[in-house]
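Quick notes on the structure that follows.
Number of protein chains: 2
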Amino acid sequence: MPIAATRFRFAVTLILPLAALLTPFEVRGDEGLWPLNQPPTEIFRDKYQFTPGEAWYQKVQRSCVRLGRGGSASLVSRNGLVLTNHHVVSDQLRKLSTPERDLLTDGFLAADPSQELRCQDLDAYVLLGIRDVTAEVNASVTADLTPAAANEARRKKIAELEAQRPDDSSIHSNVVTLYRGAAYHLYRYRRYTDVRLVWAPELRAASFGGDVDNFEYPRYALDAALLRLYDENGAPLHTRDFFQLNLEGVGENEFVMVLGNPSRTQRGLTVDHLRFLRDVEYPAVLGSLWRREVQLRTICERGPEQERLFRSELLGVQNSRKAVSGYLATLQDPRIIASKVEDEAKLRQGVAGNPQWQAQWGDAWDRLTNALAAYRGFFARQNLLNGRGAALDSRLFRIARHLVRYAAEREKPDAERLEEYREAELEPLKLRLFSPAPIEDDVEIEDLASGMALLIERLGGDDPLVVQVLDGRPPRERAAELVRGCGLKDVETRKRLFDGGAAAVAASQDPMIRLATLVDPEARKFRKRYEDEFESVERDAYAQIAAAQFAVFGRQRPPDASGSLRLSFGTVCGVTEGGRTVPAFTQIGGLFERSAQFGGTPPFDLAPSWQRAQSALDRTVPFDFVLTAEAIGGNSGSPVINRAGELVGLVFDINVPALGWNVVYTDQVARSVALDVRALHAALTHVYHADALVAELTRELPE
Amino acid sequence: MPIAATRFRFAVTLILPLAALLTPFEVRGDEGLWPLNQPPTEIFRDKYQFTPGEAWYQKVQRSCVRLGRGGSASLVSRNGLVLTNHHVVSDQLRKLSTPERDLLTDGFLAADPSQELRCQDLDAYVLLGIRDVTAEVNASVTADLTPAAANEARRKKIAELEAQRPDDSSIHSNVVTLYRGAAYHLYRYRRYTDVRLVWAPELRAASFGGDVDNFEYPRYALDAALLRLYDENGAPLHTRDFFQLNLEGVGENEFVMVLGNPSRTQRGLTVDHLRFLRDVEYPAVLGSLWRREVQLRTICERGPEQERLFRSELLGVQNSRKAVSGYLATLQDPRIIASKVEDEAKLRQGVAGNPQWQAQWGDAWDRLTNALAAYRGFFARQNLLNGRGAALDSRLFRIARHLVRYAAEREKPDAERLEEYREAELEPLKLRLFSPAPIEDDVEIEDLASGMALLIERLGGDDPLVVQVLDGRPPRERAAELVRGCGLKDVETRKRLFDGGAAAVAASQDPMIRLATLVDPEARKFRKRYEDEFESVERDAYAQIAAAQFAVFGRQRPPDASGSLRLSFGTVCGVTEGGRTVPAFTQIGGLFERSAQFGGTPPFDLAPSWQRAQSALDRTVPFDFVLTAEAIGGNSGSPVINRAGELVGLVFDINVPALGWNVVYTDQVARSVALDVRALHAALTHVYHADALVAELTRELPE
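Sequence lines, in order, name chains A and B.
For the first sequence, the numbering used here begins at 1 and goes up steadily by one.
For the second sequence, the numbering used here begins at 704 and goes up steadily by one.
Here you go:
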């Protein structure tokens, strides 16, 4: 999914009293998504009297799991059990479903390990180590290079670094860019490709309250699922590193930490960059999301089979829409922008006060502003062809494009390829490309027809590319013809074309291969423009701004999130807003009350299993809770742990004010939302009768 | 509502096999929305052996009713009973509802005339006569005038013509533009301001199947309501002109006619004008509709009170979204455009073949193309400030803007005013402006906040107008401040400002008056640009193209719809598509079957009254039916009559292929959808027990 990492969730109301709190370039309260090799040691020590050693960090790091390209998760048993959010694996649940067995609606519990269902295209990553490679990356850049050439040199060096690995195909390396270009760190992971579904509740239990309660608190959602990692021999992974559940849970005001893979924050952006998001990028992204939400909702309403096929896509779109609405609303507050203007002015004054600094870094802001102005000119086309809003985005089209592109890229030296086709990336790519997950014609036709119509809407019906794509037919008719005639639904055909290279692809008469071949030159052209005209300047300018910040203020913020493992921290803490106090914890009894309030109608309907279990459940058991530790899209599935490294909760959301964290941290009313381990335990015991799992999760095991 | 006339209703699938049928400038099959002074006499005679006399047309014309600014309806009893669609009056039902009495959910039946509820701001119009004033309008234009000046001269002349009326305040005159400028006809109406609600079914009965079944067939919707016109003495209107119900109904293949006020079709547009709709106008309109639909839907889901407040706005938005989606899908078919290109080339060749024609009309197409190119440059801003997509569109803002504008316009001679403030328009304006319908703060804040956010999204947060509108606050906070501080919720305050004129408005500290004053100069500037740079050329060019068409082909199409009374005709006729035959009629039994198919869940839930009546109803009674007679937005509520001028049905929808009628007529699969009078009769009798109404509707009365 183009926006898969944006998993958090809306805002009818978003009045953020943030502006008053802003002071430039200081870490505020419990701010920060910290890399594990750059932990907030002083804050831990001074504010929380917490001084974990190297071993503590090692164990925590190796207990964390990244799922696929974006989800967070953690190991929770010595037998490879992995805890994450239901919504992180909902797409896998859809792929494992059939018209007869709808895992989203009915949930799933493996009676024993032999019944666990292997996910068709999900891999899992455990971080082994981090190495700072900034100097190596920057050594490849000489002073005489243009920004585009410098960017190219950096990319090549990064490809080289990622390709250096022991002869172990399960090791995966990735260079993480920090501060948008000031630092480069090499992350080395162990990758697991045999990931099986162990337990998932019913969708209505996992996302109780649906879109209405999404990004809200109080909440009563059991947004959890259990997977298991298997080793290369097909045996459950044995590990010493995992988070033991602490069934005492956590108390109000207690210190906790959150670990996960937040995808992207925008806190360090220049004012003009924020304006670009406000006026160009977010409106374009939201426009596509609103459009798609309406289309998908009207399809889902047509009947249960349509709902089964399209619901998962709809849930993803709704979630992204709520998140981006919140990000945009924050930037639409003139006071937020005003405070950023003030911060930036202070920094630039500081730089201007020192002639050497001014000479070194003084033009970084203007260079970025100019690059943004250039990018505005081709953003729409770039976004439609390559970006988050890519128009042609059906599963078959993506497969065809990978085959077409890989056939061209494999001819090049590794370091010169598009990054997703480098040797280091091929195994993850093949997992997705050769996924046996069923491809439904109806879904493909709908996705492709919608995308083609979007191309007409945004580029105009007489645009040469649009005319070629449609080939004289209206979008739906053209899409039907492409999908019905496409042989890529067969995995063996994909493998043949993948292995056959450029000659096989050029000879293929598959209509989807032909379409991808048709579109590719223009898509590549705009990707190149983006990299040369914008990204290269961006990296360079932000590296300078980060240096300036350190020079002027003597310290740096923690880096913006960029998809790698981060630690955040804070306390469990309720919210008082407008005289109304919302306590930190909800209780299981509240679920039944809220459902009754709405007469049990969707999205407030109870799953039958919960109706049956009602009398067996202790209504006072804590259900969900809120905390001040930061989270953002990609943090879904993050474990909440205590000082002892024990699991006390599972982050699955943030509240509406916390969407403002994208650009500025505050702990006044912004909160992350987590599931309490005590509710998970009660549900597994009394609702799902998963006795073996409960035993596995709660056994105190000798090291 | 900015799009109120677009009342028809979507298309997941829209493959129109139209292109094959096109031949240039001939009326095809049962094509045409004919003005009553230009009926299709030859077709009636030759194809249907139907030769109605002047008296027949007179009676039909005086039995038709226009509701407010856009809805269709008809008189159906000698005591002023008026039949229309439920969805045409749903906004009135909302205004008459309270938290305790929800007329949309529960429906309404007046036990006797004394219980009928006066609509708060609805007027009704009966057409008395039509006069061709083309020569008079064009006489005001001399050859030396620029297009803008010519347009101005025409507008002044039109204002003069509309102001000429007997000393009878119930007479309302309106000059209708035909062929977008080739002809001007003066329509004279009697206007009724005391319109009362007599009966309305429950929303779930009226729009059974909701958005899913909207624009689909087969259907089972009782989309009807009854009103009554009262005279100036508060007595029910006595009239000899009305449509008598024929309870024999109509048979398959029978000839029928439809009368109503279709708002706008685009069949006569040049190819470049259609491209403008496809690439600029429709995508912009749809973008706003998708956005608003998602926003309103998420609000409605928050609880029953929110649903009561916002449901009616949501239904309107969904309906427009489905309609515009269909219009756009038609234009996104390259074959439709290709056929239009061919038609246009033939006409232009014909013109080019005659040097005099070429000199007179040859440059009309290019002039229009140039005007469209200019309009593209300011469409976004014009549309946001004045158009269908107007951003600031809350009820209080509209009131404030009327007060601000009227204060300025009243100072000018009548013929120089903005047309909605001419003397002839003041009474209808005052009806709406001084409506006592409650104004809810929550709705106002939501509408205004959404509109302000839209301004930022489309114009950017640093646009000077946007900065002034927000005044330093985020949209929702600013909207709350404006609405809470606004005194215009009080009708007397509005009257004071209306009567007080420019001085009173200038002195007012009401925040909404100040906002409207702030925005008005820019809004007027763009309206003027639109009129001078586009509309003036448009009128002139289409007048020339119409003349060329007549010269080259010897005949004209019927004029595109433009909001005035039109007659269309055709036969009752099922559809065969892709081997599947859908019969012309559904039956009452089908309603219960379709509801059961969906387990009775919304929007397929039955109203309690229908559940109770199930056994009393004859399941074989025809429910809805389809016909080949044209209809389009604005036709909702149109009577379907037979040769004898008897009522046999009530148009409430068209099917998806018929949305293509906007640009080209076909009767292959495109159909209008109507309620059968026999279902109306059965429902009033057995479901609503409205015995007095049934008697009134079915009594054979002496002339």
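Beta carbons: idealized from backbone N, C-alpha and C, even for Gly.
Treat the numbers as computed from the prediction; the structure is a model and nothing was measured.
Collapsing the DSSP output to three states places A:T239 in coil. Under DSSP, A:A674 forms a beta bridge with A:F625 and A:V651.
Here the alpha carbons of B:A1264 and B:Q1314 stand approximately 41 Å from one another. If you check the CB distance, A:D691 and A:P622 do not come in under 8 Å.
Where B:L736 is concerned, there is no enclosing alpha helix (DSSP H), because DSSP gives it neither an H nor an E. Not a single C-beta of chain B is nearer than 8 Å to the C-beta of A:D112. Annotation: A:I171 is outside any alpha helix (DSSP H); the continuous beta strand (DSSP E) that includes it extends over I171 to L178. Listed along chain B, the residues sitting closer than 9 Å to A:P334 by beta-carbon distance are G1164, V1170, L1173, D1174, G1175, R1176 and P1177. Around the beta carbon of B:S872, fewer than 16 other beta carbons lie within 10 angstroms, which makes this residue exposed. Taking C-beta atoms under 8 Å as the contact rule, B:L1132 and B:V1222 fail to qualify, at a distance of about 19 Å. Secondary structure of A:Y220 (DSSP, three-state): coil.
Between A:A73 and A:L81, the gap from beta carbon to beta carbon reaches 8 Å or more. Any Cβ of chain B closer than 8 Å to the Cβ of A:T298 would place that residue at the interface, and such an atom is present. Sorting B:E1147, B:V1359, B:W993 and B:R1232 by C-alpha distance to the C-alpha of B:A1074 places B:R1232 at the top. In the three-state DSSP reduction, A:I632 falls in the coil class, being neither helix nor strand.
Per DSSP, A:T517 has no beta bridge partner at all.
For A:T177, the number of other beta carbons within 10 angstroms of its own is at least 16, and it is reported as buried.
Here the alpha carbons of A:R267 and A:L368 stand approximately 16 Å from one another. In chain order, F434 and P436 place their CB closer than 7 Å to the CB of A:V491, counting only its own chain and leaving out the 5 sequence neighbours on each side. Residues are counted here when their Cβ sits less than 7 Å from a Cβ of chain A; for the region 989–1023 of chain B these are G990, W993, R994, E996, V997, T1001, I1002, E1004 and R1005, given in chain order. The C-alpha of B:A1111 is placed about 10 Å away from the C-alpha of B:H1105.
Within 7 Å of the CB of B:P986, the CB atoms of chain A belong to E457, in sequence order along the chain. Taking 8 Å as the threshold, the shortest C-beta distance from B:A927 to chain A does not fall below it. Taken atom to atom, the span from the alpha-carbon of A:A221 to that of A:R62 is near 28 Å.
Taking the Cα positions, A:A658 is about 22 Å away from A:R180. The DSSP-derived three-state label of B:L962 is strand. Not one beta carbon of chain A lies nearer than 8 Å to the beta carbon of B:I1344. Assignment of A:G107 by DSSP, reduced to helix, strand and coil, places it in the coil class. Three or more beta-carbon pairs drawn from the region 1172–1188 of chain B and the region 330–350 of chain A are found closer than 8 Å, and the two stretches are therefore classed as touching. Shown here for B:E1143: same chain residues with a beta carbon closer than 8 Å to its own, the five before and five after excluded, namely L1012 in chain order.
Contact of B:V915 with chain A is assigned, a C-beta pair being separated by under 8 Å.
Chain B has no Cβ within less than 8 Å of the Cβ of A:R388. Under a criterion of Cβ atoms nearer than 9 Å, the residues of chain B adjacent to A:A329 are, in order, A1156, P1177, P1178 and R1179. Interface residue (Cβ-Cβ distance to chain A less than 8 Å): B:D982 is classified as such. Taking the beta carbon of A:I337 as reference, the chain B residues within 8 Å of it are G1164, listed in sequence order. Taking 8 Å as the cut-off, the beta carbon of B:P738 is found closer than this to the beta carbon of B:R1269.
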